[in-house]
Amino acid sequence: MDERIIKVMLVEDDEDDYIITRDLLEEIKHVRYDLHWFNNYDDAMEEIEKGIYDVYIFDYRLGDRTGLDLLRYVNEKGIETPVIILTGQDDYETDVEAMRWGASDYLVKGRIEPPLLERSIRYAIERKKAELKIKRQKDEIARTNQELSTLYSIITAVSSSIDMDSQLDNIIKVFLDEGIIDREDRCGLFLVDGDRLKLVKYYNIPETFVNMHEGLRVGDCLCGYVARTGELLIINDADKDERHKLAYREFGSHGHVIIPLKRGEEVKGVMFLYYKEGVQIKESKKNLFLNLGRQIGIAIDNAELYEKTKELSITDPLTGLANRRLMNSELKRCFQRARRYGRPFSLIMFDIDDFKLYNDTFGHQAGDRLLSQIGSIALKELRSTDLAFRYGGEEFLIILPETKIKDALVVAERLRRTIKTMTRVTISLGVSSYNDDVSEPEQILNQADSALYLAKRSGKDRVEMFCGKGAED
Numbered sequence: 003m004d005e006r007i008i009k010v011m012l013v014e015d016d017e018d019d020y021i022i023t024r025d026l027l028e029e030i031k032h033v034r035y036d037l038h039w040f041n042n043y044d045d046a047m048e049e050i051e052k053g054i055y056d057v058y059i060f061d062y063r064l065g066d067r068t069g070l071d072l073l074r075y076v077n078e079k080g081i082e083t084p085v086i087i088l089t090g091q092d093d094y095e096t097d098v099e100a101m102r103w104g105a106s107d108y109l110v111k112g113r114i115e116p117p118l119l120e121r122s123i124r125y126a127i128e129r130k131k132a133e134l135k136i137k138r139q140k141d142e143i144a145r146t147n148q149e150l151s152t153l154y155s156i157i158t159a160v161s162s163s164i165d166m167d168s169q170l171d172n173i174i175k176v177f178l179d180e181g182i183i184d185r186e187d188r189c190g191l192f193l194v195d196g197d198r199l200k201l202v203k204y205y206n207i208p209e210t211f212v213n214m215h216e217g218l219r220v221g222d223c224l225c226g227y228v229a230r231t232g233e234l235l236i237i238n239d240a241d242k243d244e245r246h247k248l249a250y251r252e253f254g255s256h257g258h259v260i261i262p263l264k265r266g267e268e269v270k271g272v273m274f275l276y277y278k279e280g281v282q283i284k285e286s287k288k289n290l291f292l293n294l295g296r297q298i299g300i301a302i303d304n305a306e307l308y309e310k311t312k313e314l315s316i317t318d319p320l321t322g323l324a325n326r327r328l329m330n331s332e333l334k335r336c337f338q339r340a341r342r343y344g345r346p347f348s349l350i351m352f353d354i355d356d357f358k359l360y361n362d363t364f365g366h367q368a369g370d371r372l373l374s375q376i377g378s379i380a381l382k383e384l385r386s387t388d389l390a391f392r393y394g395g396e397e398f399l400i401i402l403p404e405t406k407i408k409d410a411l412v413v414a415e416r417l418r419r420t421i422k423t424m425t426r427v428t429i430s431l432g433v434s435s436y437n438d439d440v441s442e443p444e445q446i447l448n449q450a451d452s453a454l455y456l457a458k459r460s461g462k463d464r465v466e467m468f469c470g471k472g473a474e475d
């Protein structure tokens, strides 16, 4: 005997038919049934909403309503309990209509025997289980496909550019386009910078929030916690979490998803998503968030590597100044701007006097330290808009945008005195400026070189300038 009790709800307005159905169920000895009878439509509707039965049996005739009306009600409510329709006579159209609305079976009173009723109930329950299993599988496949589509969108977005800023913009766009957040919600992205978090991208976030989180330490608040632990955090009511130390009260009650952006075990950053009050984040999305975090973390790491490689390609490793490669492009840019808009710019070329003798006397390591020191001094003496380069060997070049030659001479003289005071070595400097004689950027460079040669020939430790037409100012 099956020990499980099958709970049956019978909606039947005729008591005699109820008794017949009860007796039929009692004759089935190998299955136990718990029968609950309701004789009117309204009581049945109220009971149906409880969803506590294994099977519903509805009589077709229920006063001025029908069992099909109840069947439609079950469907509208999304109740997944199987339904069997009873009728007093065999009617093809009623049969078809019942099946169309999802009835598991259609039985004619007077032809029902205990084995038929038992089999109908058993089949109805098993069929519904199979349907629900298929539905869950289809839902799982649809969810997986959606997650794969989202991952593909993220991979495509971060692969479309190696530039960090463009990548992060693309990531925010994908989160909006894929519906991971909607346009009423908020999100942002912190990058790990030593023991701090830097908010680099955000959507629908006010500046007061940005200022509040400036200098956020790893370990502090919810985002800092995720940055420290590398764990995904899903909170449906963030305000009640004691770790939420920097809660922005103007946002009101909300849910949080905070995703670690990792390459391997290293946390490169965290992405935080805000959800409005009442929105529940399903645990089934956990793997999606983790996979997104891994893809974004890898992209961030690749972008950082690219930025470092790019910086190394234009940086002199000894002095930390930009190298000749970048100098050529910056000189060309300044020259084109000067020609197009008539804006001034000047060059200072200098080198260390008697550097070979210094190397021979103190050694090449001391010479390298001197070059590095002079590079640092030059950077400190210049404006943020000025550009300093190691030109080659012991030679340096400075580009001074928006600077006429008389002002460039002041800068050169100050630099000469500072280096002499701080290093006990002297430098010779040549100054040139954009002028009417110049038709190519190399010409102004050659003019600075000529002025430097003049300074050397005139006794060293001095500043000389090249004067062309229009450069006297």
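Just so we're aligned, residue 3 is where the sequence shown starts under my numbering, counting upward by one. C-beta atoms are modelled at their ideal positions from N, C-alpha and C, and glycine is treated no differently.
Asked, Found
"Stretch-stretch touch, CB-based, cutoff 8 Å, three pairs: the stretch 335–351 with the stretch 430–443", "yes"
"Per-residue DSSP class, three states only, for C469", "coil"
"Rounded C-alpha distance that separates K408 from G344", "17 Å"
"Residue environment, V76, which counts as buried when at least 16 other CB atoms sit within 10 Å", "buried"
"CB contact flag (V57, A126, <8 Å)", "yes"
"Nearest-angstrom Cβ-Cβ length linking L417 and V433, presumed shorter than 8 Å", "Wrong, their Cβ atoms sit about 11 Å apart, outside the cutoff."
"T311 burial status per 10 Å Cβ neighbour count (16 or more: buried)", "exposed"
"beta-carbon L402 near the ligand HEM non-hydrogen atom, thresh 7 Å", "No copy of the ligand HEM appears in this structure; indeed no ligand is present at all."
"Under the three-state DSSP convention, the category V98 falls into", "helix"
"Three-pair Cβ contact test at 8 Å for the stretch 78–93 versus the stretch 116–131", "yes"
"CB-CB length for G171 against K203, believed under 8 Å", "Residue identity check: residue 171 is Asp in the sequence provided, not Gly. Contact flag correct, Cβ pair sits at about 7 Å."
"Classification of N437 by the beta-carbon crowding that lies within 10 angstroms, buried from 16 upward", "buried"
"Pairwise C-alpha distance: C469 and I173", "53 Å"
"Closest by C-alpha distance to I7, when choosing among I21, T23, Y35", "Y35"
"H256 classed as buried or exposed, judged by whether at least 16 other C-beta atoms fall within 10 angstroms", "buried"
"Distance between beta carbons of D141 and Y276, contact taken as under 8 Å", "With 8 Å as the limit, Y276 and D141 do not qualify as a contact, their Cβ atoms being about 27 Å apart."
"Residue of E216, L235, K264, A324 minimising C-alpha distance to K284", "L235"
"Where I81 falls: helix, strand or coil (DSSP)", "coil"
"Beta strand (DSSP E) segment containing K203, residue limits", "198–205"
"C-beta contact flag for N42 and D15 at 8 Å", "yes"
"Secondary structure, beta strand (DSSP E): runs of 3+ residues fully inside the stretch 98–134", "107–110"
"Beta-carbon proximity check, L320 vs D356, cutoff 8 Å", "no"
"From K270, R326, K264, V228, residue whose alpha carbon lies closest to that of H258", "V228"
"Length of the line joining the Cα atoms of E268 and G232", "8 Å"
"Given 8 Å, three or more beta-carbon pairs between the stretch 192–200 and the stretch 260–274", "yes"
"Run of the alpha helix (DSSP H) containing Y62, from where it starts to where it stops", "Here Y62 belongs to no alpha helix (DSSP H), and DSSP marks it neither H nor E."
"Start-to-end residues for the beta strand (DSSP E) that takes in G461", "Taken as a continuous stretch (DSSP letters only), G461 belongs to no beta strand (DSSP E), as it is neither H nor E."
"Inter-stretch contact at 8 Å, needing at least 3 Cβ pairs: the stretch 395–403 / the stretch 346–360", "yes"
"For V13, the three-state DSSP class (helix, strand or coil)", "strand"
"Identity of the residues DSSP links to C189 by a beta bridge", "Y205, L275"
"Neighbour-count burial assignment, F364, 16 or more Cβ in a 10 Å radius", "exposed"
"Per DSSP, the bridge partner or partners of K264", "V269"
"Residue environment, T423, which counts as buried when at least 16 other CB atoms sit within 10 Å", "exposed"
"First through last residue of the alpha helix (DSSP H) which encompasses D362", "357–364"
"Own chain residues within Cβ distance below 7 Å of G322, not counting five before or after", "G377"
"For D353, three-class secondary structure by DSSP", "strand"
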